[in-house]
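Colleague: At position 29 of the sequence shown (counting the first as 1) the number is 28 in numbering that gives the first Met the number 0, and the numbers step up by one without a gap.
For every residue, glycine included, the Cβ atom is placed at its ideal position computed from N, Cα and C.
Computed from a prediction, not measured in an experiment: that's the story for all the values here.
Handing you a structure now.
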Amino acid sequence: MNPLEQLKQMTTVVADSGDIDAIRQLQPIDATTNPSLILQAATKPQYRQFLNQAKTAYSSDLQAACEQVTVNFGVEILHHVPGRVSTEIDAHLSFNCSASIDSALRIIERYQQAGIDKARVLIKLAATWQSIQAAAELEKRGIHCNLTLLFSLTQAKACADAGVTLISPFVGRILDWYKQHQPEQDFTGQNDPGVQSVKRIYQYYKQHGIDTVVMGASFRNIEQIRQLAGCDLLTIAPDLLSQLQTSSEPLTRMLQPQQAASSTKPEALAEADFLWQLNEDVMASDKLAEGIRKFAADQRKLEQLLSTL
């Protein structure tokens, strides 16, 4: 078996892409999208019909049209994966709990109108306090959530408190921050701070018997993937999946599920404690804010693209 096939034996492999052709070729179990990936795919001629349909349906409401574009991509992706697709809400809503819930409900309704059961959709939200609380309410309503832009154990603890289905702790963006601020350091292999962060979260969840599953995300190279082999899920861009597929170097399992060391759940984080701990983590607070700004900017670009049709 090649390393990709070996990885699939120990980890659920998820395609991090809106490119349906790449997903069809690589045959992952699930797929994730975000505003940046949707924007990249939307500029390709073969996917223009997804934009045209949304613009026709919501010609006077660009926000609604953008939501429909993400659902159109998601519906088509689900024709090519047996599992689930993650669809992200507008990043502008990252600090508005009630508006995030409303957006998620609209997205689920659009999927259901297309004949897709809500069990095959993960609503993706940034791991702010407000979005985590929105996810808690959505989970109570049977709508499963994927909390993204997650850079710290503090965020992971709050997501566990909220009972979210899945978290996406980032690897590559953490490495980017440390390479920028500590360029003289060796961050290869096990020294990679992004890898260390995901391992810390994974071990914390397993030690405490937390049901929320961990999906490592945002990879810069296949070595990061190798270091996290055995994680519950890994969402990987098509180019890195292809590198794994063509590599001849064997892959070793690095993370092992452990029986819970304690049946006592940790005390839930209060909002003030969450905000303070996140504030004290300069890297996590920087990257969370930056990620929200970037996704919001790409959302505006998608709206501009739709306005020209």
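Between Val213 and Val170, is the Cβ-Cβ spacing less than 8 Å?
Modeller: Against a cut-off of 8 Å, the Cβ pair of Val170 and Val213 comes out as no contact.
Colleague: Quick one: give me the first and last residue of the alpha helix (DSSP H) that Ile122 is part of.
Modeller: Counting along the chain, Ile122 falls outside any alpha helix (DSSP H), though it belongs to the beta strand (DSSP E) covering Val120 to Ala125.
Colleague: Which one or two residues does DSSP pair with Glu87 in a beta bridge?
Modeller: In the DSSP output, where bridge partners are listed per residue, Glu87 has Lys123.
Colleague: To the nearest angstrom, how far is it from the Cα of His180 to the Cα of Pro168?
Modeller: Cα to Cα, His180 sits roughly 20 Å from Pro168.
Colleague: Fully enclosed by the region 123 to 154, which beta strand (DSSP E) runs are 3 residues long or longer?
Modeller: Counting only runs of 3 or more, we get 144 to 149.
Colleague: Closest to Met236 by CA distance: which of Gln5, Ile224, Ala118 and Pro2 is it?
Modeller: The identity of residue 236 in the sequence shown is Ala, whereas the question assumes Met. Measuring from the Cα of Ala236, the nearest candidate turns out to be Ile224.
Colleague: Taking the C-alpha atoms as reference points, what is the distance between Ile221 and Ser58?
Modeller: Going from the Cα of Ile221 to the Cα of Ser58 covers about 42 Å.
Colleague: Does the distance from the C-beta atom of Thr147 to that of Phe273 stay below 8 Å?
Modeller: Their beta carbons are not under 8 Å apart, which means Thr147 does not touch Phe273 by this criterion.
Colleague: How many whole angstroms separate the CB atoms of Asn33 and Lys178, which I take to be in contact at a CB cut-off of 8 Å?
Modeller: Not a contact, Cβ separation roughly 22 Å.
Colleague: My parser needs the alpha helix (DSSP H) runs of 4 or more residues fully inside the region 34 to 94; what are they?
Modeller: Qualifying alpha helix (DSSP H) stretches, in chain order: 34 to 41, 47 to 56 and 61 to 77.
Colleague: Suppose the cutoff is 6 Å on Cβ atoms and the five residues either side in sequence are ignored; what does the same chain contact list for Asp297 look like?
Modeller: Taken in chain order, the residues that qualify are Pro34, Ser35 and Leu38.
Colleague: What are the boundary residues of the beta strand (DSSP E) that includes Ala295?
Modeller: Not the beta strand (DSSP E): Ala295 falls in the alpha helix (DSSP H), residues Val281 to Ser306.
Colleague: Can the beta-carbon of Gln5 be found closer than 8 Å to that of Leu250?
Modeller: In this structure, Leu250 lies closer than 8 Å to Gln5 by Cβ.
Colleague: Skipping 5 residues on each side, what residues in its chain have a beta carbon closer than 7 Å to that of Phe72?
Modeller: Excluding positions up to five away in sequence, the list reads Gly17, Thr32, Ile37, Ala40 and Phe49.
Colleague: On the criterion of 16 or more Cβ atoms from any shown chain inside 10 Å, does Val281 qualify as buried, or is it exposed?
Modeller: By the neighbour-count rule (16 or more Cβ atoms within 10 Å), Val281 is not buried but exposed.
Colleague: Kindly indicate which residue of Lys156, Asp175, Pro182 and Arg109 has the alpha-carbon position closest to the one of Arg199.
Modeller: Answer by Cα proximity: Lys156.
Colleague: By the DSSP assignment, the alpha helix (DSSP H) with Ile221 in it spans what residues?
Modeller: Looking at the DSSP string, the run of the alpha helix (DSSP H) that includes Ile221 is Ile221 to Gln226.
Colleague: Provide the residue span of the beta strand (DSSP E) that contains Thr187, from first to last.
Modeller: Note, Thr187: premise wrong, no beta strand (DSSP E); not H, not E.
Colleague: So, at 7 Å on beta carbons, what are the nonlocal neighbours of Gln111 in its own chain, with the 5 sequence-adjacent residues on each side left out?
Modeller: These residues qualify, in order along the chain: Lys117.
Colleague: Find the nearest neighbour of Arg119 within the set Gln26, Leu232, Ile76 and Ala283, judged by alpha-carbon distance.
Modeller: The residue with the shortest Cα to Cα distance from Arg119 is Ile76.
Colleague: With DSSP collapsed to three states, give me the class of Gly229.
Modeller: In the structure shown, Gly229 sits in coil (DSSP, three-state: anything other than H, G, I, E or B).
Colleague: Please report the distance separating the alpha-carbon of Leu61 from that of Arg299.
Modeller: Taking the straight line joining both Cα atoms gives about 10 Å.
Colleague: Is Leu308 buried or exposed, if buried means 16 or more other CB atoms sit within 10 Å of its CB?
Modeller: With fewer than 16 other Cβ atoms within 10 Å, it is exposed.
Colleague: Helix, strand or coil for Phe273, going by three-state DSSP, please let me know.
Modeller: Reduced to three states, the DSSP call for Phe273 is helix.
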